[in-house]
Amino acid sequence: MFRPSLPVRILLGLGLGVGWAVLSSTLGWSRFTMDWIAPFGDIFINLLKLIAVPLVLFSIISGVSGLNDITRLGRMGLGMLALYLATTVVAVSVGLLLVNTIAPGTWSDDDQRLENRVAYELWVKDTPGVEQAKDGRCFSCDPGNEAVVARVLKRRQQAPDAMAEAQRERATGVAAQGPLQFLPEMVPSNIFLSFSRALMLQVIVFALFFGVVLLLIPRDRVAPVIQLVNGLNEVFMKMVDVVMLAAPWFVFALMAGVVSRIAGDDPAAVLELFRSLAGYMITVGLGLAIVAFGIYPVVLSLVLRRNVYRRFFKAISPAQLLAFSTSSSAATLPVTMECLEERAGVSRSTAGFVLPIGATVNMDGTSLYQAVAVVFLAQFHLVDLTFMQQLSIVGTATLASIGAAAVPSAGLITLLVVLTSLGLDPAWIAIILPVDRVLDMCRTVVNVTGDATCCSIVAQVQGEELFTREL
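According to numbering that gives the first Met the number 0, the stretch in the sequence shown is residues 0 to 470, in order.
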């Protein structure tokens, strides 16, 4: 009897979930969907997260202890970090190129943009530490704009924006920490708290430390520990297989819940919302597509010296579909590891070392989105960012993405860091917040694809045979 492959079944579940959500919203059944169907999608994410933390711990320890040579570990680690940094810089550069070429922030009505600019200048005057508008211009000083200034002031007095104030307070706390705050936060003071709170960076640091120490002790004395770790790693990988048996059904519930929450009982309102931010969404989507389906496979094919485009995407398609559904690199990590080990031919030691770190520090899609979002919001408020100011976005977005949690919408938090570092109003994120979940699903696909690409390149450098299996 014919049985579709797992990626086809997941894609079918995804499509049916979206279709059901649209139908239920049209008929006014969105509450039924969120109450009786969406919880099964949450169960799926919780199961994957349940597996992710111990799998990261045991896979890294197993991978490091299996290298048998600290110098090899150092070479692999340096190569991996260089790849992650390079792909992030490329992603940010693609985003900046597209947002300056398409200029989606200029698609709006000129009068609306002028009001936005005046509101920004009033925020600058009220904000300690921000001396003047970023581009040095003053539209509110122009006598011809007095009516606009009065209109903006009246609106602020009549209806204070509680959400905007909340975002500003949040940004103040984030900015006070500094861009390198993630470095001390990487080192756990209590590893059990790190496990319970799913602090992945701290778990990774502990696992690396544990694995390196195992290499420093004679092999015969730590053999039982290594065997135990390898056995536990096998158990959690088998858990992934069991959970994936029901993945199409879980994905159906997950997508039905996500779309129903966005649409409510009025799908037309969602279409109107997307139309108002169409330029921004097109720019982000195009940039993500160029990086994921253009740059990554081309670079990988050049490194492998043969065309692996079709085999690469066939191998990682289950992970990509789950990344799109869950919007979480951490939740997708167990499936990403299984795809590269079982379908691409990457060794368990390489995948166990490279992928968990990538799921936490390599956020190419998030970095690209941040670059586009900052320039779009500046354009929308008639703020002209210079080349050097935009260049600073590359460094800030790269550092911010390293500290981003591998969970849904973590990019919004790091976007606060980028906006604040440029002297722009962090409350602007409220403008793009309504469409963030949709774009978050797309950029998570890029994050996972980037991890898979870098892991494959590291494996190739280690002399492993990749993409030789027919799927």
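Just so you know, even glycine gets a beta-carbon here, dropped at the ideal spot from N, CA and C.
When Cβ pairs closer than 8 Å are counted between the two stretches, the segment 226-235 is seen not to touch the segment 73-85, the count staying below three. Less than 8 Å separates the beta-carbon of Val250 from that of Gly16.
A direct Cα-Cα distance of roughly 12 Å separates Arg150 from Ser139. Pro296: member of the alpha helix (DSSP H) spanning 295-303, first to last residue. Counting along the chain, Gly230 sits inside the alpha helix (DSSP H) bounded by residues 218-243.
One Cα belongs to Val302, the other to Gly27, and the distance between them is close to 52 Å. In the DSSP assignment, Val63 falls within the alpha helix (DSSP H) that extends over 37-64. Nearest in C-alpha terms to Arg436, of all of Ser259, Ser193, Lys48, is Ser259.
If you ignore the 5 residues before and after Pro187, its C-beta comes within less than 8 Å of the C-beta of Ser193, Leu198, Gln201, Val202, Val204, Phe205, all in its own chain and listed in chain order. Ala102 carries a coil assignment under DSSP once its states are collapsed to helix, strand and coil. In this structure, DSSP gives Trp28 a state outside helix and strand, which the three-state scheme calls coil. Taking a contact to require three or more Cβ pairs closer than 8 Å, the segment 366-383 and the segment 87-106 qualify as touching.
Going by beta carbons, Cys137 and Glu114 fall outside the 8 Å limit. One Cα belongs to Gly462, the other to Phe352, and the distance between them is close to 16 Å. Of the residues assessed, Pro296 falls on the buried side of the cut-off, its CB having 16 or more other CB atoms within 10 angstroms. For Cys140, the secondary structure class from DSSP, reduced to helix, strand or coil, is coil.
Cβ-Cβ distances below 7 Å link Val148 to Val117, Ser139 in the same chain, with the five nearest sequence neighbours on each side left out; the list follows chain order. By the beta-carbon neighbour count (other beta carbons within 10 angstroms, threshold 16), Gly135 is exposed.
Each of Gly344, Val393, Ala429, Ser346 was checked against the Cα of Leu376, and the nearest Cα belongs to Ala429.
Thr335 sits away from Asp265, with the two beta carbons spaced by 8 Å or more. Here Met79 has Val353, Val457 as same chain residues with Cβ atoms under 6 Å from its own Cβ, once five neighbours each way along the sequence are excluded.
Take Ala291, set aside five residues on each side of it, and the residues of its chain with a beta-carbon closer than 6 Å to its own are Val445, Thr448, in chain order. Taking a cut-off of 8 Å on C-beta distances, the segment 33-45 touches the segment 237-257, as three or more cross pairs fall below it. Met236 counts as buried, since at least 16 other C-beta atoms from the protein chains shown sit within 10 angstroms of its C-beta.
Around the Cβ of Ser4, a 10 Å sphere holds fewer than 16 other Cβ atoms; the residue is exposed. Counting along the chain, Trp427 sits inside no alpha helix (DSSP H), nor does DSSP assign it H or E at all. One Cα belongs to Thr413, the other to Ala396, and the distance between them is close to 8 Å.
Across the set Leu47, Leu13, Ser24, the C-alpha of Leu13 shows the shortest separation from the C-alpha of Ser324. The way I'd put it, the segment 42-51 does touch the segment 317-333; three or more beta-carbon pairs between them come closer than 8 Å. Within the model, the alpha-carbon separation for Ala372 versus Val123 is close to 20 Å.
In this structure Gly357 is buried. Its beta-carbon is surrounded by 16 or more other beta-carbon atoms within 10 angstroms.
For Val417, the closest alpha carbon among the candidates Ser24, Ser300, Leu390 is that of Leu390. Annotated three-state conformation of Phe205 is helix, per DSSP. In the three-state reduction of the DSSP assignment, Gln369 falls in the helix class. Comparing alpha-carbon positions, the option among Ile431, Val393, Arg442 lying closest to Leu421 turns out to be Val393. If you check the CB distance, Thr349 and Gly18 do not come in under 8 Å.
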